[in-house]
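Note sheet for the following structure.
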Amino acid sequence: ASTSESSTSGSTSDTSQAGTFTYTCTVTDTSGNSASATDTYTVSPAPQCVLTNAYWNTDSTIEGQTVNLIVEGTNCDGELIDFEVLEDDVFPNPDDPANITPSSMLVISGKAVSLWTAEWQCDGDIAGICTFGEPEYYFNAILSSDNSVSIQSNPPLLSVSESPATCGNNLTQAGEQCDDGNLDQTDRCNNACQLTVCGDKIVQNPNGQSVKEMCDDGNSIDTDACKNDCTLPPKPSPTLNITIIKPEQGITYKNRVVPLRFFATGDSCRYELDGINTFSLCKVDTVLDITPSTRFVSEAHSLSVFTSDSTGEINENVSFSVLSTRRIKVRNEKFHGKGTSTDLTSQTDSELEILSSLTFDNEQGTIEYLESVNLSAGVTETTNVSDIDSNVNISLNKVFVDSVNYLSLNKSVKITLKNLKFTNPQILADGVPCEGISCWEVSYTDGTLTFNASHFTTYSVRETLTPACSDGVQNQDETGVDCGGSVCGACSGDVGGGGSGGGTTRLSLPVNNYSLPQIVPVAATIIKDFDAEIGIKQIQIEVDSEAQDVKITVTRYDGKPAAVSIAKEGKVYQYLQIEATNLADKLSKITIQFRVEKSWITDNDLQKENVEVHRFEESSEDWNKLLINYTEEDNDYHYYDAELDSLSYFVILVPDEEEKRNLIWLWVLMALGVLVLIIALIAIGRHIREKKQQNYLTIYF
567 ASTSESSTSG STSDTSQAGT FTYTCTVTDT SGNSASATDT YTVSPAPQCV LTNAYWNTDS
627 TIEGQTVNLI VEGTNCDGEL IDFEVLEDDV FPNPDDPANI TPSSMLVISG KAVSLWTAEW
687 QCDGDIAGIC TFGEPEYYFN AILSSDNSVS IQSNPPLLSV SESPATCGNN LTQAGEQCDD
747 GNLDQTDRCN NACQLTVCGD KIVQNPNGQS VKEMCDDGNS IDTDACKNDC TLPPKPSPTL
807 NITIIKPEQG ITYKNRVVPL RFFATGDSCR YELDGINTFS LCKVDTVLDI TPSTRFVSEA
867 HSLSVFTSDS TGEINENVSF SVLSTRRIKV RNEKFHGKGT STDLTSQTDS ELEILSSLTF
927 DNEQGTIEYL ESVNLSAGVT ETTNVSDIDS NVNISLNKVF VDSVNYLSLN KSVKITLKNL
987 KFTNPQILAD GVPCEGISCW EVSYTDGTLT FNASHFTTYS VRETLTPACS DGVQNQDETG
1047 VDCGGSVCGA CSGDVGGGGS GGGTTRLSLP VNNYSLPQIV PVAATIIKDF DAEIGIKQIQ
1107 IEVDSEAQDV KITVTRYDGK PAAVSIAKEG KVYQYLQIEA TNLADKLSKI TIQFRVEKSW
1167 ITDNDLQKEN VEVHRFEESS EDWNKLLINY TEEDNDYHYY DAELDSLSYF VILVPDEEEK
1227 RNLIWLWVLM ALGVLVLIIA LIAIGRHIRE KKQQNYLTIY F
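Given below as structure tokens:
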């Protein structure tokens, strides 16, 4: 048979185990002829790996040094050996495993060698004292493919000596008085592993001598605000008082600016931050200049505030920590931890550049951004601070974002205003009705209005006005704002005043908004730089108690405001409205310096002495003339001061001649009435005296 026409076949047994096996080969040609051959062979067992010896390359070393673990074996080449190191303890204590396990190694030429960095453990640790001397170690070598094959290292054990003392390892070593394993300077053990004492300028409660310190000014003067035993002297005066609002006791300010806000009674105040003294006012609202020296490490700080008068000095203390995990710090005390506000402390610097969800929330409203916001774009380069508090404000019926100063916050938003009392609210942007693609209402339920806005400015709400000639809006078939058409007549009143004051209100000319984070009783707050079209030079505000998040809005009207029921007769210069939020119950007095253009006085042939300012009293729905003082003039204006205790609508005018004449006649009639009353009283008195004299003469005779 030819080779191409022949075939072979055969079978083998599984030879992965020891034993005797038979191999048969059969050849068959195309004619069906076949022949077979058989062979038998024996497979002997493979030699087993036997670990014969294990030992250290040395019997002593120093913590941190590298030592060799050596294991020898027969028939083990190519096998993987695992290692474990244990510290030999005295019975009944179990042997402690090492913190680091040596790497597994292959057997080459009958030997496997691994490396281990020697560790030091406190053998027999009792209160930081190592009662059993230096730790001693052995190791086990285990065959990775068959854990039943192992060997323990031969004596001697490896003795490890401690490296030089390391403060902070939670073990009291040579030269250390203590070691609590932390970096807190305000407990019994300081960062140098020495017991804290009174006089180290840090308040510990207790310190290393078990003394509960109340203060620690680091000096030896026993007559100042902190005695030599770190206790406070008796409070000298019940009238002295300190209230520390921020920072808060025990708080960790993570990636946040640390606020400093306190107020105190007394003649002189100061504060100490970590023992460094700063003299200050007795009412302070600022931030502390604290930059952690190391990122990801919490640093402890202490603050003491002092106030004094002629009777002595008292102080209050708080302790807090600062933690930085990024470059940017956020000033966000208005919204941090409130409602659904976004926590801005956990992001990285890069995550602050693309905040996909940003929300500011408080009891008055919510701002929810509908686009990603880059908070790092508004960071002050010199301080690396993102100042949310100064650029975002949510108050009753008003939200504001300074998108000029913080351009990256000028994005599309969902705004919620709470605690409203309107029946049919109308959204205003900078005091002007806002609708269409710029802002659209989502819902209004139980005094809570939610609407979307395409960009940011100042948003507020008013009751929706019924279309009329005096609604300040071009509607119906008017040819302008409250002008013309079949319903409205021609515009009445001149821009800037004039006429009899009986015109309708047209679209308000400018609106000036001012945000004041805080007003304190210690000093008056002055607002200046009003628009030239507004008849006010400045407003000076004084309060009885601290006011926060104050908003002042000044609006000028061309004619009588729609909310005012009656017009004021006379030559009107301006109608104004001054509004304030978060101020009414704290206001002591407010002094307004009104201004009137000299050109208006001259053009209307008026006298500066005849200028009057009236305030609209809502309770009586009437105008009340204010007592004003003419104070000064410059090239363009006459100035008049008025001292008030509340705000409302105001009108600056010169009364008509007829009104002045009527007023003069009123005074004349009043004077005549008083004169007649005096004459009558004199006559009655004279009659009584004459009657008494007649009675006396009758009795005498």
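One point on numbering: in my numbering, the residue at position 598 of the sequence shown is 1164, and numbering is uninterrupted. Ideal placement from N, C-alpha and C gives every residue a C-beta, glycine not left out.
Check, Outcome
"Residue range of the unbroken alpha helix (DSSP H) whose run includes Thr618", "No alpha helix (DSSP H) contains Thr618, which is instead part of the beta strand (DSSP E) from 616-622."
"Rounded straight-line distance, which links the Cα of Val945 to that of Ile1144", "33 Å"
"N- and C-terminal bounds of the beta strand (DSSP E) containing Thr1197", "1194-1199"
"Contact belief for Gln1114 with Pro1083 at Cβ below 8 Å, rounded distance in angstroms", "7 Å"
"Inter-residue Cα distance where the pair is Gln718 and Ala707", "6 Å"
"Assigned exposure category for Gly639 - 16 Cβ within 10 Å defines buried", "buried"
"Other residues of its chain near Thr1030: CB distance less than 6 Å, five sequence neighbours each side excluded", "Asn990, Gln992"
"Beta strand (DSSP E) segment containing Glu638, residue limits", "632-640"
"For Leu889 and Pro858, believed in contact at Cβ under 8 Å, the rounded distance", "7 Å"
"Closer than 8 Å: Cys755 CB and nearest the ligand GDP heavy atom", "Summarising the ligand content, the structure contains no ligands, and the ligand GDP is consequently not present."
"Residue environment, Lys977, which counts as buried when at least 16 other CB atoms sit within 10 Å", "buried"
"Proximity of Asn985 and Glu929 at Cβ, strictly below 9 Å", "yes"
"Where the alpha helix (DSSP H) containing Ser916 begins and where it ends", "915-919"
"Residues near Asp919 in its chain [Cβ-Cβ closer than 7 Å; skip 5 each side]", "The amino acid at residue 919 is misidentified as Asp; the sequence shows Glu. Hits under 7 Å: Asn940, Ser942."
"Segments assigned beta strand (DSSP E), at least 3 residues, entirely inside the stretch 873-953", "878-889, 895-897, 925-928, 931-935, 951-953"
"DSSP-derived helix/strand/coil call for Thr565", "There is simply no residue 565 to check, as the chain begins at 567 and stops at 1267 in what is shown."
"Buried or exposed by the 16-neighbour rule on C-beta atoms within 10 Å, applied to Asn883", "buried"
"Residue range of the alpha helix (DSSP H) that includes Ser626", "Element bounds for Ser626: not the alpha helix (DSSP H) but the beta strand (DSSP E), 626-628."
"Identity of the residues DSSP links to Asp851 by a beta bridge", "Arg827"
"The beta strand (DSSP E) enclosing Thr1168, as first and last residue numbers", "It is not in any beta strand (DSSP E) - Thr1168 instead sits in the alpha helix (DSSP H) that spans 1164-1169."
"CB contact flag (Thr1121, Val1077, <9 Å)", "yes"
"Reduced DSSP secondary structure (H/G/I, E/B, other) of Ile769", "With the sequence shown as reference, residue 769 is identified as Val, and Ile is not the correct amino acid for it. Residue state, collapsed to three classes: coil."
"One or two residues paired with Trp682 in a DSSP bridge", "Val633"
"As assigned by DSSP and simplified to three states, the class of Arg861", "coil"
"Exposure label - Gly784; buried when at least 16 CB within 10 Å", "exposed"
"Buried versus exposed, by CB contacts within 10 Å (16 or more), Ser573", "Only weak support exists for where Ser573 lies, its pLDDT of 43 falling under 50; the value from the coordinates is given anyway. Exposed."
"Status (buried if at least 16 other CB within 10 Å, exposed otherwise) for Trp1189", "buried"
"Extent of the continuous beta strand (DSSP E) run through His1180", "1178-1183"
"Rounded separation between Pro711 and Phe698 - CA only", "The question names Pro, but residue 711 is Ser in the sequence shown. Cα-Cα distance, rounded: 37 Å."
"Test item: CB-CB of Gln743 and Glu728 under 9 Å", "no"
"Residues sharing a beta bridge with Tyr1080, DSSP", "Ile1118"
"CB of Gly812 within 9 Å of CB of Ala830, strictly", "In the sequence on display, residue 812 carries Lys and not Gly. Cβ atoms of Lys812 and Ala830: not closer than 9 Å."
"Three-pair Cβ contact test at 8 Å for the stretch 778-794 versus the stretch 894-912", "no"
"Contact with chain C by Ser1081, beta-carbon distance below 9 Å", "Judged by its chain identifiers, the structure shown contains no chain C, having just a single protein chain."
"Status (buried if at least 16 other CB within 10 Å, exposed otherwise) for Ala612", "exposed"
"Per DSSP, cross-strand counterpart(s) of Asp662", "Glu653"
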